[in-house]
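Respectively, the protein sequence lines represent chains U and X.
For the record, in the first sequence the residue sitting at position 25 is 25 according to the working numbering, with numbers rising by one throughout.
Just add 10000 to wherever you are in the second sequence, counting from 1, and you've got the working numbering.
A short write-up of the structure that comes next.
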Amino acid sequence: MTEAFDNPLTARQVGRVLNFRSPGIEEAIAREQRLGTTAIYNILCRRHVAYLADEVGMGKTYQALGVAALTWLMDPSAKILIITPRKAVQQKWHRDYRNFVSTNVTLADNRLKEPLLDRAVHPRCFCSNLIELGQEVCRDPSQLFMTRFSSYSWVARSLGVLDSGEVSTGGEVAEALHDNGLFVDVRDGARDAIFHGSTEQNVEVARQMAKLIPEFDLVIVDEAQKLRNKGGNIRTQVLNTLLGFYPWTEARDIEAEYGAPPRLLLLSATPAHGSEDDIYTQLSYASKEALRVKDRPWEDRQAYLDQVMVRRLRKLAGFSKYDYRRENPVVWERDTNSPERVVDELFLAYVQRELQSELERDDTTTQVEVGFLESFESYEPSELETDGDERSTHYEAEDDTVAPDHRVLAGIAEDFAQATGDDLPPHPKQRLVDQAARASFEADEPEKLLIFVRRLASVRELTHRICRVYDDVALRRLSNQIGPERIRSRVGPAYDFERFETPEQFRVYAEVVLGTDAKDVEVEAATSGGDDELVAESRVLSTLRHQTDQISPGEKLLRRLGPDESLAPVFEENLVRFLFRQLDDERVQVESYEAFCERVCDDRVRETFHQLLSEGRDYFFDGDGGGRFTRIRALLNELVLVRCEELWPDARVATELLRIHRDIHGAKHELADDPNPDERFPDYIDGFLEHRSFWDLARERDEDLEFVQLLRGHSVSDAEVGEWLEYREFIKRIFEKNVRVSEAVLHFFVAYDRAGGAQPQRLAEEFADILFGPEGRRTRYRIEELVEQGPALQKLAGGQLDDDQPLYAETRWSDFDRQQPALGAMGGTSSRYPVIVKFNAPFFPDFVVATDVFREGVDLHMSCNRVWHFGMVSNPGDIEQRSGRIDRYFSKVHRELQEQPGSEPTGSDSHLHIEYPYLARTIDEEQVARVLERKLEVQPLMDQGLSVTEEIRLNLQDRAETTARELLRELSDLTGDDTTPFPVEPHLERGTRSGALEPRPHPDSGQLLDWMASKLAELEGRVPLTQSIAKEFREASEPDRAFPALTNLAVVRRKGRSHLVDPKTEAGEFREQPVQFSLGFSAELRMHYLRLSSPMGDHAEPVPTVLQRTLHDAYADAPLRLHHNPGVSAQRRHWRIAVATDLLLPADVAEWPTLDRLHSRLTQLAEAADDLEWRLREMSQLRQDLTYEEVR
Amino acid sequence: MNIKEELTKLNEGRAEPLEVVVESVLPGREQVVRIEAGPAGGFAARSLISDDVGEGVREDIATWNQQYPLVCFRLADGRLHASLELPREASLETKAELVRYLARLADRLEYDVRKGRDSF
């Protein structure tokens, strides 16, 4: 049984180990989160269940992770499981956990966080199904396990052999588990037991697995309202059986029959999905009291809920949602007097009449579910046949269910086509979307909009419409910027249009500008064929960046922007210029840039440059002798930085810049003492030094811009230089990426046109002029936003890859690819994450059209403060969930509100706009009114978390008494009760509690590193070393990782790690044995260890047993072992063999190895490695020693 | 069994090599750790993972040796061992903790070996 949950904690204690503060966010929020975490932990000390039901967007995930952290701090061996609703949410937890440990856990004492490596002691384990969970729990129970609800419904299917409808025996289940590496002992009698059907089989699998996997100490359930079913379904039964929760029964003595369940932490902003009863059902998984109180009077129920539940209402910068939310109609008014709209209005009236009569003809459809008509969103009937399978018209509708008006719409569409031969007129609500899109695309400050639909086909239809609107706006803008005269002069009289009207016309112009002869270009007729594509895209943007089989006009530009092509220098900062400006006058003591260049790029730099170029021909030149200029420029930059470090060793900016440069480019070059140059490009260096890229120009522009201030970094203190340079690099990279893929590529096109070609210097100047001139306003706005929210964006886009990489180096840049004005989200999870990242970033898309697949667990708040309920939901709780996507801590509104000094939010940006588009005086308005009526009624109960109401159905005969517009006015005027429904205070402890949260004794990183440095220095006195390993160690920028050691060795740095190699081995000369030192940490032991390993070479076969035996016989008293990594070299499939040994470093420093032991182990190791290497050489002709290049 | 007391006896030369039994996570099983006094005041702890493994386990051994601070090796007769040095500088508490760690780890590796085989 876990030692956690024995004693409640005080908030002060928790504050000493966890820190919820974030830059730019008020302290009150961090306090609320700390109190919430403390309260929930304390509830779990007294009971087996707690419910954290804070309103949407208040950081329930982080508070739950806080509870998990406290659990591990009290008992590092506690086993913790998280259950999430679906894969996307599972991924979010996965990412948040990493960020949480790195940012919010302040105590690093090897219980939760490693002090040296600054990472979680408990690794994350992402389980796609329960079989994986079983395997992983058996392999390493110390992980943080993340599963999803659906896995609990399909555990038998995950086994791969069982299927519903079939019969299986206990023995078959055991064998299937066995085949999956889960070894369950099933007694003879149980082997013959027969299980019929899906439920029985699933439960049997869970029962057998439950015998194998250890009991969890804490189970966290996200979106816990999904547990509201009363135990009849497979999922609930599997959950209970596998994890040991109580089965759903009102029997009195259940606690006596079953063992204590795991601690259960439920999370939901809408705990009562339908009614208050749901809450007790969820709590009853780990509390039988819940079922007993559910029918008692409210006072009793409230008393019980007070003991298990925490629910607080969200406040952003002190404002409640009633202050900053605006609920507004977006109405399509019918206007039968307008001559332009006569056809539209007639058609609308016709459709309404047909619908009414069709729906009322059949008694069964006198009621329809809110939102479940196609005609609420479109006139086009959905295409239902996909590969012969019927599917539903709406998201979350049951399989093969079509909206009641599907048939009638299909009839109308057919009639219309026959009568007129035209396409259907657009649906008026879709025109509202067009209007919103145009307003946003024409604005200087683009506004993002999140549109929720119910109907699946609407996602495609709306994203297409938005892209078309964008194309229209973009073409007008382009034609204004380039000017009709220039267009005519370039394209000639054959294409005499004054402005671009279609993407095809733009394409022709682009062909001409970018160098293809216009005569060869066939002008395609404008087609509507593009509308059939699955992914909507702007055809204008695609023209400039889309890669196709043929060379598209823009591909040429794209290629030239590529890393080794002629346009790359536009965005490659000249670091010499940068340093000239950053190093202060006093230090540099030169008058001009030219004089500076002479000092930092002296003869030695120039000669070493040419020498290295000639030595690394394969690296710096391609097969045809063409230069790989990005690599060449990186080399020169590095040499100059090395020289600066020599000249001004105390200048942090040069040192830090060199570090970052090496992290990115990976190379490490020193200046040669006596270079032997081979001049390939005699003039190259001078051209390089003269060059001004966009960055050099940008820093001279408008200094009020935060972007420019960031580039200059004037107020950065010496201590912050490294951080500033990293952040600057991150922003530069995002910006460069976006210039290539977002609408900023159009600026680049105009610059290209004005510069009259591809000369990088001219292009950089034109581009800077546009970006900082009136035409660049939109892009400038986006960059300013980027600089402001960059740190948060870093977290969002990072955290995906290797935990050892620094954040700025591990951003998944591909997430920013394929930027379109609008993106859709409707089904599968794989493509969803990039949509989320991009929408949160201040670049394209400006519109996301989503089904309710985005209703929960997705954060879209960072750049957006406007949501449209285009397809209405039938439940006020769902409206709240949807709006919650953008109404969160750290949101755009939140940022704005923090800057509001007054008592009321002012200005559009500091409001959250929740909007309902509908058609006035139709049943569309009826349905909106009906839901809003209900929302008004239950809002107080919803705030309390006690009700969300069942789904509302729409009676076609009824008419609402109040219009939607009036109801929305009432909603906007609504003032909420500020009382916290279920406060934390009753669960908080006062006074001093036990000291269990105090740091455990452990070597801190400074102590460990000092010890290492001193031991290495002493070691050098005993072992003849030609290179100071202690010095190398002290100077390593990441001394916590591998560091070099021992004799006559070159050091190769790659991806932040140091590798050792003897440069002489290639020449076959005698060499000494290298030994590599690294520090590791064992999560199990919670102990650091020093690993010594000596590489022996590559071998085509696995290590022969005879070597193994030799090692044990000859070095019986030293725990040495052979260490071989199969297949490290993908081409050669060789084994890399090393001898290795570990020296443990327990918590008590006095127990660390003495110098004698370190020395004897080192010599034993080197001797054994030498010895075995000699045998290996004798055994096989294939054996090769490691060469310089191989280690690189 | 009090591992600390036993280790003290062993240290003082009052006991033969010692066998410590630690309960397994797998139902109904236990893990035995054999501890011998090593040279110069240290101890060597060893646990038998399996008495008959094939050559195929070698890749696993490589992975384990990479992953954990222990020495895992297969003898010519197919016996697979995990061993750990109990450093002489370490206190008795640390040594006892290391023994328990070795048992846990051996237990887990034994599970992995079973998983990799066709029958058990």
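All C-beta atoms in this analysis are idealised placements derived from N, C-alpha and C, irrespective of residue type, glycine included.
Inter-residue Cα distance where the pair is residue i and residue j
i         : j         : result
L267(U)   : G36(U)    : 12 Å
H913(U)   : L514(U)   : 43 Å
N104(U)   : F20(U)    : 6 Å
D10107(X) : I10049(X) : 7 Å
R407(U)   : F506(U)   : 41 Å
Q881(U)   : I731(U)   : 32 Å
T963(U)   : Y246(U)   : 48 Å
S77(U)    : Q143(U)   : 10 Å
L932(U)   : R314(U)   : 21 Å
Y1165(U)  : T1141(U)  : The amino acid at residue 1165(U) is misidentified as Tyr; the sequence shows Leu. Near 8 Å, if we compare the C-alpha coordinates of T1141(U) and L1165(U).
T2(U)     : L73(U)    : 11 Å
V10053(X) : E1167(U)  : 30 Å
E204(U)   : I234(U)   : 11 Å
V576(U)   : E10110(X) : 59 Å
Q900(U)   : G627(U)   : 55 Å
A474(U)   : H987(U)   : 58 Å
S440(U)   : R855(U)   : 24 Å
Y684(U)   : L658(U)   : 22 Å
L711(U)   : L786(U)   : 13 Å
P503(U)   : F816(U)   : 24 Å
T851(U)   : L456(U)   : 7 Å
E374(U)   : Q352(U)   : 12 Å
P10017(X) : L1085(U)  : 24 Å
R969(U)   : S883(U)   : 18 Å
Pick from the options that is closest to residue i, judged by C-alpha positions
i         : options                                    : result
E10012(X) : Q10031(X), A10037(X), D10052(X), V10022(X) : A10037(X)
V849(U)   : G134(U), R341(U), R454(U)                  : R454(U)
P675(U)   : S614(U), E703(U), R701(U), L583(U)         : S614(U)
N229(U)   : V708(U), L1162(U), F216(U), I279(U)        : I279(U)
E966(U)   : D405(U), L936(U), G945(U), S22(U)          : L936(U)
A1114(U)  : D1171(U), T1154(U), S1160(U)               : D1171(U)
I213(U)   : D624(U), I80(U), Y395(U)                   : I80(U)
E289(U)   : P141(U), G171(U), H48(U), S1078(U)         : H48(U)
F183(U)   : G134(U), G231(U), E223(U), E215(U)         : G134(U)
L671(U)   : F609(U), R692(U), D718(U)                  : F609(U)
Rounded Cβ spacing between residue i and residue j (contact assumed at less than 8 Å)
i        : j        : result
F1242(U) : L44(U)   : It is not possible to answer for residue 1242(U), since the shown part of chain U is limited to 1 through 1192.
L1144(U) : L1122(U) : No, L1144(U) and L1122(U) are not in contact; Cβ-Cβ is about 20 Å, not under 8 Å.
A108(U)  : V310(U)  : That belief does not hold up - the Cβ atoms of A108(U) and V310(U) are roughly 28 Å apart, past 8 Å.
G244(U)  : P261(U)  : 5 Å
Distance cut-off 7 Å: residue i Cβ against heavy atoms of the ligand FMN
i       : result
S268(U) : You won't find the ligand FMN in this model; it holds no ligand whatsoever.
(request) Residues of the segment 10075 to 10097 of chain X with a CB closer than 7 Å to any CB of chain U: list them in chain order, please. (result) A10076, S10083, E10085, P10087, E10089, A10090, S10091, T10094
(message) I'd like the ranges of any beta strand (DSSP E) spanning at least 3 consecutive residues and lying wholly in the segment 10078 to 10102 of chain X.
(response) 10080 to 10086
(message) Ignoring anything shorter than 4 residues, give me the alpha helix (DSSP H) runs that lie fully in the segment 730 to 782 of chain U, in order along the chain.
(response) 744 to 755, 760 to 772
(message) Restricting to runs no shorter than 4 residues, where is the alpha helix (DSSP H) found entirely within the segment 660 to 734 of chain U?
(response) 684 to 690, 694 to 698, 706 to 712
(request) Could you pull out every unbroken beta strand (DSSP E) segment of at least 3 residues lying fully inside the segment 310 to 343 of chain U, listed in chain order? (result) 325 to 332
(message) Restricting to runs no shorter than 4 residues, where is the alpha helix (DSSP H) found entirely within the segment 10038 to 10079 of chain X?
(response) 10058 to 10067
(message) Runs of 4 residues minimum, wholly inside the segment 448 to 478 of chain U: which ones carry the alpha helix (DSSP H) assignment?
(response) none
(message) To be precise: take each residue of the segment 117 to 147 of chain U, compare its Cβ to all Cβ atoms of chain X, and keep it if any distance is under 9 Å. Which residues remain?
(response) Q135, C138, R139, D140, P141
(message) Tell me which residues of the segment 600 to 632 of chain U have at least one Cβ-Cβ distance to chain X shorter than 8 Å, keeping chain order.
(response) none
(request) Scan the segment 364 to 451 of chain U and note each continuous beta strand (DSSP E) run of 3 residues or more that stays entirely inside, going in chain order. (result) 367 to 369
(request) Using a Cβ-Cβ cut-off of less than 7 Å, give me the residues of the segment 171 to 185 of chain U that come near chain X, in sequence order. (result) G181, F183, D185
(request) Could you please tell me which residues of the segment 10010 to 10024 of chain X, in chain order, have their CB closer than 9 Å to any CB of chain U? (result) none
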